[in-house]
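Residue numbers (full-length UniProt numbering): 1 to 225.
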Amino acid sequence: MRILAIDTALVNCAVAVWDSDGVGVPPVLFCETIGRGHAERLTGMLGEAMAEASCAFSDLDRIAVTTGPGSFTGMRVGLSVARGFGLVLGKPVVGITTLAAMAKPFLGEVQTHPVFVSMEGKGEEIYCQLFGAEGVPRSPAEVRRLSELSETLPPETRFVGASSRRVVEAVGASTDRILSEAACPDVADVARLGVLADPKQARPVPLYLRPPDAAPQKKGKIARL
């Protein structure tokens with residue numbers, strides 16, 4: 001299966017092109033940490049990645065895209081582009097959460113413990129999800145306060161994500177259990193999960209765990225652009 005993976009949900013703008021039937025052939029990866037401006041960079045990056053992979057868009061079998069949690073603007077950039085390509089090409093588009101993609105390298109045969117993935121939220125809040133070692137989610141993707149975690153995590157849990165140090169401190173665990181403090185997923189793992197995903201279930205829709213922070217516009221005021 002030839003798959004195009006796109007991740008613009010967080011600070012990275014990243015693209016992977018991978019032929020899962022090519023034994024031992026790694027994905028072609030392009031990734032830049034830009035914070036903002038995903039829309040301006042993504043189009044050029046897609047062209048560069050497809051050219052490097054010697055793959056025409058019409059050769060693709062599937063498109064995968066991160067759905068969040070992440071920035072409202074960033075998520076919508078990737079989702080809009082992925083769904084647009086899917087519509088034009090007549091190819092299935094699957095959505096992969098950033099939390100699942102971050103957990104992917106540490107599940108399966110790599111190690112035998114549950115993995116708790118977390119990323120920074122507001123104040124004492126984090127965006128998080130617990131996965132069993134076999135890769136099956138044990139909790140939904142959700143917003144949690146650090147003070148709520150100690151009673152809900154199995155004692156053998158390992159930790160992944162940018163909030164891991166705050167989490168282990170909150171639950172009284174050793175920092176030795178931190179497997180990664182990466183703030184973003186590897187887009188290659190988005191591609192790998194995309195190959196396995198069921199298009200009927202992994203829908204390419206944004207995963208919003210909290211409403212936007214924009215305040216209601218006051219009557220009579222014109223919003224600044």
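Even glycine gets a Cβ: it sits at the ideal position worked out from N, Cα and C.
Note that this is a predicted model, so its numbers are computed, not measured.
Interface flag, residue i vs chain C, CB-CB below 9 Å
| i | result |
| --- | --- |
| F72 | In summary, chain C is missing from the structure at hand, where a single protein chain is found. |
Reduced DSSP category for residue i - H, G, I as helix; E, B as strand; rest coil
| i | result |
| --- | --- |
| S180 | strand |
| R210 | coil |
| residue 254 | Lying outside 1 to 225, the shown extent of the chain, residue 254 is not represented and no answer is given. |
| P216 | The predicted model places P216 with a pLDDT of 49, which falls under 50 and marks its position as unreliable; any figure quoted below should be read in that light. In this structure, P216 counts as coil in the three-state DSSP scheme. |
| A170 | helix |
| R165 | helix |
| E156 | coil |
| D7 | strand |
| V205 | coil |
| L29 | strand |
| A223 | Confidence at A223 is low in this model, with a pLDDT of 40, below 50, so the placement of that residue is unreliable and no value is reported for it. |
| A14 | strand |
| V198 | Before going on, a small fix: residue 198 reads as Asp here, not Val. In this structure, D198 counts as coil in the three-state DSSP scheme. |
| V190 | helix |
| E148 | helix |
| R2 | strand |
Exposure label - residue i; buried when at least 16 CB within 10 Å
| i | result |
| --- | --- |
| S164 | buried |
| A56 | exposed |
| Y127 | buried |
| P140 | exposed |
| D186 | buried |
| A214 | Because A214 sits at a pLDDT of 47, beneath the cut-off of 50, its placement in the model cannot be relied upon, and the point is left open. |
| S129 | In the sequence under discussion, the amino acid at residue 129 is Gln, which differs from the Ser named in the question. Q129 comes out buried. |
| L4 | buried |
| M1 | exposed |
| R203 | exposed |
| P27 | buried |
| V93 | buried |
| P155 | exposed |
| V171 | buried |
Integer-rounded CB distance, given that residue j should sit under 8 Å from residue i
| i | j | result |
| --- | --- | --- |
| L60 | K91 | 6 Å |
| A82 | V65 | 4 Å |
| A133 | L107 | 6 Å |
| P105 | D21 | The pair is not a contact, with the Cβ atoms about 21 Å apart (cut-off 8 Å). |
| A191 | W18 | 4 Å |
| V160 | L209 | That belief does not hold up - the Cβ atoms of V160 and L209 are roughly 17 Å apart, past 8 Å. |
| A103 | V115 | 5 Å |
| P199 | L79 | That pair is no contact at about 15 Å. |
| R158 | R177 | 5 Å |
Residue i CB to nearest heavy atom of the ligand FMN below 8 Å
| i | result |
| --- | --- |
| G44 | Of ligands this structure carries none, so the ligand FMN is not represented either. |
- Hey, is the region 2 to 11 in contact with the region 31 to 39, meaning 3+ C-beta pairs nearer than 8 Å? yes
- Whole runs of the alpha helix (DSSP H) within the UniProt domain "Gcp-like" (33 to 129), excluding any shorter than 4 residues: Within the UniProt domain "Gcp-like" (33 to 129), the complete alpha helix (DSSP H) runs of at least 4 residues are 38 to 52, 72 to 89, 98 to 103.
- Message: Closer than 8 Å is the cut-off here; do at least three beta carbon pairs connect the region 163 to 180 with the region 116 to 136?
- Response: yes
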